[in-house]
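Student:
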Amino acid sequence: MNIPLPSRHLYAAGHFVRTLAWSFVDLTLAYYLHTRLAMPAPRIGQLLAASFTYSSVLDLLMAAAFARVRDQHRLALRLQMIGGLGTAACACLLFLPFPPATQEQTYWQLLGCSLAFRTFYALYDVAQNALTSLLPEDDVDAERYVALHATAIPCAKLCVAAAMFAVIGERSGMRHAAELWICMVIALLIVLTCMPLACNVGRPPPVLATRAERSGVRRAPLLPLLPVLMATAVEIVLVGVLARLFPFASHGAALTLALVIGMLAARPGVAWLQRRLGSEARVILLLSGSGIVGAVALLEIASALPAILCATLHGFSRAGTGVIKWRRTARIARLHACRSGHQVDLSCFALLTGTMKLALGLSSLLATALFPGVQVHAPATVALVVVMLIVGSILSTVLLTLPYRQRAPIGMPP
3 MNIPLPSRHL
13 YAAGHFVRTL
23 AWSFVDLTLA
33 YYLHTRLAMP
43 APRIGQLLAA
53 SFTYSSVLDL
63 LMAAAFARVR
73 DQHRLALRLQ
83 MIGGLGTAAC
93 ACLLFLPFPP
103 ATQEQTYWQL
113 LGCSLAFRTF
123 YALYDVAQNA
133 LTSLLPEDDV
143 DAERYVALHA
153 TAIPCAKLCV
163 AAAMFAVIGE
173 RSGMRHAAEL
183 WICMVIALLI
193 VLTCMPLACN
203 VGRPPPVLAT
213 RAERSGVRRA
223 PLLPLLPVLM
233 ATAVEIVLVG
243 VLARLFPFAS
253 HGAALTLALV
263 IGMLAARPGV
273 AWLQRRLGSE
283 ARVILLLSGS
293 GIVGAVALLE
303 IASALPAILC
313 ATLHGFSRAG
323 TGVIKWRRTA
333 RIARLHACRS
343 GHQVDLSCFA
353 LLTGTMKLAL
363 GLSSLLATAL
373 FPGVQVHAPA
383 TVALVVVMLI
393 VGSILSTVLL
403 TLPYRQRAPI
413 GMPP
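Residue numbering for the sequence shown follows the numbering used here, starting at 3 and increasing by one per position.
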């Protein structure tokens, strides 16, 4: 059965543009506030932490609300359009020059715009991610969607990293800065992708569970998801803090671009490693080890070219473990639907994205606290970052390599 419109292409385009919006705001907002508006680092950390925490709470509330929704396929398509249009408008508002005001007034204006952006983006993000397991017809098709997800995200981040060359280094205080023009282009792309996908209502894939197998469980499968959620939180807070400091480095744009190039190679790289090593656990161990080596070397190397290579390795490692987490979450949601007869895809992905955003808020606070020491290369601060990287990588690896078992329904491979 084929859905009338090319759903995989629309899904990939939507995911690409959604990631453009998130990544550009995520990478640029702190730099914009610090450079253009001269906002102190502690206030920037507070603003980012408040907006990420708010977004995380929204995702968790949606996870609870969506667990009782039956027609999640149709709802997800509508939500991604509503959320996408709101995200497009609010992203532009974030970088729109406000009338002259005190720093305190500017802070509250930007916080309001940021919360509005996070509100609409939460709808957009959860719906787009849930389509990873709602649109596929079977497990083979689901692997294709996960592959598209893993390819679209780094491609979008690569475009954002290239755009950073137009942002970093511009004269401070420019009223018509490049950030606003880039956001307007992204907003137009969101409109052009989310509306056609919303019209592609199609029929949802059939649920495979028999009446005897349907247990009536309507909650998200928390036990299988828990290791993925915990690994995601640990990795973002302790390991992801390094990448948040890249825009402020002497070769910030080049390091960001190298990080994203490494991410782009992750999907085919993980598939190749799994064929060679024959085990997902071995792939996770290799990715974790290479990520530690790349990150620690990056902190110690002053030369531009070796640092760029280390950033590429670090990006490959982080995105590689991300591929495994998203693939596992999609499979958990599909197996739960087949076993219980009830779709919880929106709830599963809302839990994952909520965990990510809460962790990003904590990571932002850590990054702003560490920024002064990293900027002057203080030995104590560098040593602390190295310890965080090692501990975060080890904990994430342990959580992802825990025995992963979920009973497959009759008619599906385990």
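Don't be surprised by glycine CBs; every beta carbon is placed ideally from N, CA and C.
Are Met238 and Met390 closer than 8 Å when you measure CB to CB?
Tutor: It is worth fixing the name first, because residue 238 is Ile in this sequence and not Met. For Ile238 and Met390, no; Cβs fall outside 8 Å.
Student: Suppose the cutoff is 8 Å on Cβ atoms and the five residues either side in sequence are ignored; what does the same chain contact list for Met176 look like?
Tutor: Confidence in Met176 is poor, its pLDDT being 48 and thus under 50, which makes the residue's placement unreliable; the coordinate value appears in the next sentence. Within the same chain, Met176 has close Cβ partners Arg38.
Student: If you follow the alpha helix (DSSP H) that Met41 is part of, which residue opens it and which one closes it?
Tutor: Segment: none, Met41 is in no alpha helix (DSSP H) and carries neither H nor E.
Student: If you check the beta carbons only, do Val298 and Leu397 fall under 8 Å apart?
Tutor: Contact flag unset, no.
Student: Taking the alpha helix (DSSP H) that Thr355 falls in, what are its first and last residues?
Tutor: It spans Asp347 to Gln377 - the alpha helix (DSSP H) in which Thr355 sits, taken as one unbroken run.
Student: Going by alpha carbons, who is nearest to Gln48 out of Ala369, Leu289 and Ala260?
Tutor: For the residues Ala369, Leu289 and Ala260, the minimum Cα distance to Gln48 belongs to Ala369.
Student: Counting beta carbon pairs with one atom in the stretch 348-367 and one in the stretch 222-233, are three or more of them shorter than 8 Å?
Tutor: Touching, yes, given that three or more Cβ pairs across the two stretches are closer than 8 Å.
Student: Near Ala65, which residues of its chain fall below 7 Å by C-beta distance, leaving aside the five closest residues on each side in sequence?
Tutor: These residues qualify, in order along the chain: Ala222, Ser349, Ala352, Leu353 and Gly356.
Student: Under 8 Å, with one C-beta from each stretch per pair, do the stretch 304-322 and the stretch 95-104 reach the 3-pair mark?
Tutor: Short answer: they don't touch.
Student: On the CB-based measure, 16 or more other CB atoms within 10 Å of its CB, does Pro44 come out buried or exposed?
Tutor: Exposed.
Student: Could you tell me the alpha carbon to alpha carbon distance between Val272 and Gly317, rounded to whole angstroms?
Tutor: Near 13 Å, if we compare the C-alpha coordinates of Gly317 and Val272.
Student: Considering only the beta carbon of each residue, do Arg20 and Gln130 sit closer than 8 Å?
Tutor: Yes. Within cutoff.
Student: In terms of residue numbering, what span does the alpha helix (DSSP H) encompassing Val241 cover?
Tutor: First-last for Val241: undefined, no H or E at that position.
Student: Between the Cα of Leu364 and those of Thr234, Leu113, Ile155 and Pro138, spot the shortest distance and give me the residue it belongs to.
Tutor: Residue Thr234 is the option with its Cα nearest to Leu364.
Student: Which residues in the same chain as Leu247 place their Cβ atom closer than 8 Å to its Cβ, once the five residues preceding and following it in sequence are excluded?
Tutor: Result list for Leu247: Ala369, Leu372, Phe373 and Val376, in chain order.
Student: Could you tell me whether the Cβ atoms of Phe26 and Ile188 are closer together than 8 Å?
Tutor: In contact: Phe26 and Ile188 (Cβ atoms closer than 8 Å).
Student: Contact defined as beta carbons within less than 8 Å: I believe Leu79 pairs with Ala260. What is the distance between those atoms, to the nearest angstrom?
Tutor: About 36 Å separates the two Cβ atoms, so there is no contact after all.
Student: Between the C-alpha atoms of Val113 and Leu50, what's the straight-line distance to the nearest angstrom?
Tutor: At residue 113 the sequence reads Leu, which differs from the Val that was named. Those two C-alpha atoms are separated by around 9 Å.
Student: Looking at the structure shown, is Ser305 part of a helix, part of a strand, or coil, going by DSSP?
Tutor: It is coil, neither helix nor strand.
Student: Under a three-way DSSP split, which group does Ile170 fall into?
Tutor: Looking at Ile170 - three-state DSSP - the assignment turns out to be coil, as it is neither helix nor strand.
Student: Does DSSP put Ser9 in a helix, a strand or coil?
Tutor: Helix, per DSSP.
Student: Buried or exposed: which applies to Arg269, given that a residue is buried once 16 or more other Cβ atoms fall within 10 Å of its Cβ?
Tutor: With 16 or more Cβ atoms within 10 Å of its Cβ, Arg269 is classed as buried.
Student: Verify whether the separation of the beta carbon atoms of Phe54 and Leu360 is less than 8 Å.
Tutor: Yes, these two residues count as a Cβ contact at 8 Å.
Student: Give every residue of the same chain whose Cβ lies closer than 7 Å to the Cβ of Leu266, excluding the five residues on either side of it in the sequence, and list them in chain order.
Tutor: Excluding positions up to five away in sequence, the list reads Pro156, Cys157 and Leu160.
Student: With distance defined between alpha-carbon atoms, name the residue in Cys92, Leu77, Gly85 and Leu96 nearest to Leu31.
Tutor: Nearest of Cys92, Leu77, Gly85 and Leu96 to Leu31, Cα basis: Leu96.
Student: Quick one: what does DSSP say Phe26 is sitting in, helix, strand or coil?
Tutor: Here Phe26 sits in helix by DSSP.
Student: Which of helix, strand or coil does DSSP assign to Ser281?
Tutor: Ser281: coil per DSSP, three-state reduction.
Student: Taking Cβ to Cβ, would you say Thr399 is nearer than 8 Å to Ile286?
Tutor: In contact: Thr399 and Ile286 (Cβ atoms closer than 8 Å).
Student: Output needed for Val384: all residues of its chain with C-beta closer than 6 Å, excluding positions within five of it in sequence on either side, in chain order.
Tutor: Cβ neighbours of Val384 beyond the five flanking positions: Leu301.
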